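Shown next, in structure tokens, is the structure this report addresses.
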RNA sequence: GGACCCGUGGUGUAGCGGCCCAACAUGCCAGCCUGUCACGCUGGAGAUCGCCGGUUCGAAUCCGGUCGGGUCCGCCA
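In the working numbering, the protein residues as written are 1 to 621.
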């Protein structure tokens, strides 16, 4: 990363507050910044002067500079002041090793108050003080003055800079795409912007530049990227905001391994440039098929910083003739009905209290399990409420399959395969956190790919794209893009299409989905077939993807790409799990901007001009 | 759409039927102090306990509603 510009001097300052060192001793200097703290000894006043570059101690001595001392005694926290003086080495024994500038101080000759400040509503100068988040959001400009926010926004700036550098160095073209576009079918609700020039019509804000970047591929921009703002009108979470930032990229003439290889190299370079001190757990990144990830980790975004894999207990419960014979009816019936009995081992949790077990059981219920069986290993035997029902063979088998040793706790879920994996996967995350199994510094990237192409939507009797409606199909599965009857409008859950796998890949970091992409359907005929399976009629296809379908008739190159969540990436690189911590001005869970007080009631004139009026709104604020 | 948690001087917390016209820390204001760096010492101001209603002889405290914030499920890539 290049160093900061050599000089940030301005008419108000010769140096920043993080710059002065002993080699400058004896020289005059002028600093400007905010009053971080003031220590008043009557005839002697210390002021810690702060800007985003650091803190420098200013000394104002009434004997040397009576006028400056007079001004300094009126100064308060967060006042903006300028100080002119002499850089001096501190007296031996009074250096402050906590400050980068701690060996020197500025002996003031002149102090000027540039602007006074009200007493702030919370501590700007205490990095550890807990503050209610709504207060921080309301006074975000003060919150951002605080060290932690400065650090995170700086990291984010470095991240975006590194992203741009890698792409520019690799032949990518940065292209901006419009924010006023047409609704695209990506599952989420659109934000709508009414048109004044064409009353009665609306634009949609992009959920992502998906279609536009594919059109850029048709346009011959063979490597495109953009740091793009995206909008989705869905309920918020710690990792979801209504507007967020994606690194969006697309490449032409590529197959799946080629795009993944580029992205992987880019991600590694960007990570190393942004947080060189954090180790990347494994390079090249591990690659899991979707099925495998679900089977082993119960998640399509596994946290690989710790193992604790799921295991299948059926082998310990099956007789030679294939019939289940664990001795515990719930297990046997589940297996007999085609379900799965799977488990996870929590190392060292064998001594868990009743209360802890109850909590885990309650969690499992919330995750959708009917129950949770727990077995602890003590003195070489399995213990637990249902241990007595289990046959000797099953008990031995469980211990082996679970890899459970003395003092471990084995948690078992019997359910459909899908649900058992899901519940255990969530338990794995929960246990990993409770047992602090993950190294917080480590960056564990991995790939998950080969997702099923479609999911059956019983209500609409159609095949929904699991990820992106433009994802391509794995070449050998191409013949599966059809229905039982061969008529694409006569769809059923038994269609071959249900078995088709997509050339879709997600990149995962520490248990979070960082991004997802695919090699696209670039052939016109396949695209039409896929849309058809997704239940779009010809008219709907023309209405919604007219430009794209048409463009694909003019020579679309094979292409693929990805979109990465920049907010999530910046958050994880900053040890945060809440993207609000890396956004300058985020919104609350109910979508409010507490600082600007948005959203707000519309201006009647604006509404009239657009031919709009609220109907059936409960009550205006 | 649903479940749960939180709301008390500027800030962070304590108090959870009467001991509370509310306690502690910090901040704020005033005074003193020439080597501090979370300076120290002395004194002072500052809260109708988010809001509305109910229960009760009595409510910060219990109940209902409402508003705001958060976590999670649904939703969302």
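C-beta atoms are modelled at their ideal positions from N, C-alpha and C, and glycine is treated no differently. From a predicted model like this one, the values you see are computed outputs, not experimental measurements.
Excluding five sequence positions before and after residue 516, the CB atoms of its chain that fall closer than 8 Å to its own CB belong to 467, 468, 504, 505, 506, 507, 562, 563, given in chain order. In this structure, the beta-carbon distance from residue 273 to residue 438 does not fall below 9 Å. Straight-line measurement puts the Cα of residue 499 at about 11 Å from the Cα of residue 450. A straight line joining the alpha-carbon of residue 71 with that of residue 34 spans about 15 Å. In this structure the segment 45 to 57 lies against the segment 24 to 34, because at least three pairs of beta carbons, one per stretch, are closer than 8 Å. Residue 173 and residue 165 have their C-alpha atoms spaced approximately 11 Å apart. With fewer than 16 other Cβ atoms inside 10 Å of its own Cβ, residue 575 counts as exposed.
By the beta-carbon neighbour count (other beta carbons within 10 angstroms, threshold 16), residue 83 is buried. For residue 47, DSSP records a beta bridge to 38, 58.
Around the beta carbon of residue 534, 16 or more other beta carbons sit within 10 angstroms, so the residue counts as buried. Its chain contains 173, 175 as the residues whose beta carbon lies nearer than 7 Å to that of residue 221, once the 5 sequence neighbours on both sides are disregarded; these appear in chain order.
The three-state reading of DSSP puts residue 569 in helix, counting H, G and I together. According to DSSP, residue pairing for residue 471 in a beta bridge involves 520.
If you draw a straight line from the Cα of residue 302 to the Cα of residue 570, it comes to about 19 Å. Annotation: the continuous beta strand (DSSP E) that includes residue 192 extends over 192 to 194.
Following the DSSP letters along the chain, one finds residue 398 inside the alpha helix (DSSP H) bounded by residues 392 to 402. A direct Cα-to-Cα measurement between residue 553 and residue 258 gives close to 25 Å. Taking a C-beta distance under 9 Å as the contact criterion, residue 91 and residue 565 do not qualify as a contact pair. DSSP places residue 214 outside any beta strand (DSSP E); the residue lies instead in the alpha helix (DSSP H), whose first and last residues are 210 to 218. Residue 278 places its beta carbon less than 9 Å from that of residue 573. Straight through space, the alpha carbons of residue 608 and residue 191 are spaced by roughly 20 Å. Judged by pairs of C-beta atoms under 8 Å, the segment 395 to 413 does not touch the segment 453 to 464, as fewer than three such pairs exist.
In the DSSP assignment, residue 110 falls within the beta strand (DSSP E) that extends over 104 to 115. Sequence-distant Cβ neighbours of residue 490 in its own chain, meaning closer than 7 Å and more than five residues away, are 483.
Cβ-Cβ separation between residue 416 and residue 316: approximately 19 Å, too far for a contact (criterion under 8 Å). Within the same chain, 285, 286, 304, 508 come within 6 Å of residue 446 by CB-CB distance, once the 5 residues on both sides are set aside.
Between residue 240 and residue 579, the gap from beta carbon to beta carbon is short of 9 Å. Within the segment 314 to 362, the runs of beta strand (DSSP E) that reach at least 3 residues and sit entirely inside it are, in chain order, 340 to 346. Following the DSSP letters along the chain, one finds residue 68 inside the alpha helix (DSSP H) bounded by residues 66 to 72.
For the pair of segments examined, the segment 102 to 120 was found not to touch the segment 538 to 555: the number of CB pairs separated by less than 8 Å stays below three. Note that the C-beta distance between residue 21 and residue 103 is below 9 Å. As DSSP reads the structure, residue 376 sits in a beta bridge with 383, 409. Burial is judged here by how many other beta carbons sit within 10 angstroms of a residue's own beta carbon; residue 540 has fewer than 16 and is exposed.
Residue 196 and residue 180 have their C-alpha atoms some 13 Å from each other. Taking C-beta separations shorter than 8 Å and ignoring five residues to either side along the sequence, the partners of residue 582 in its chain run 152, 153, 155, 156, 567, 570, 571, 574, 576, following chain order. With a cutoff of 9 Å on beta-carbon distance, residue 340 and residue 420 are scored as near each other.
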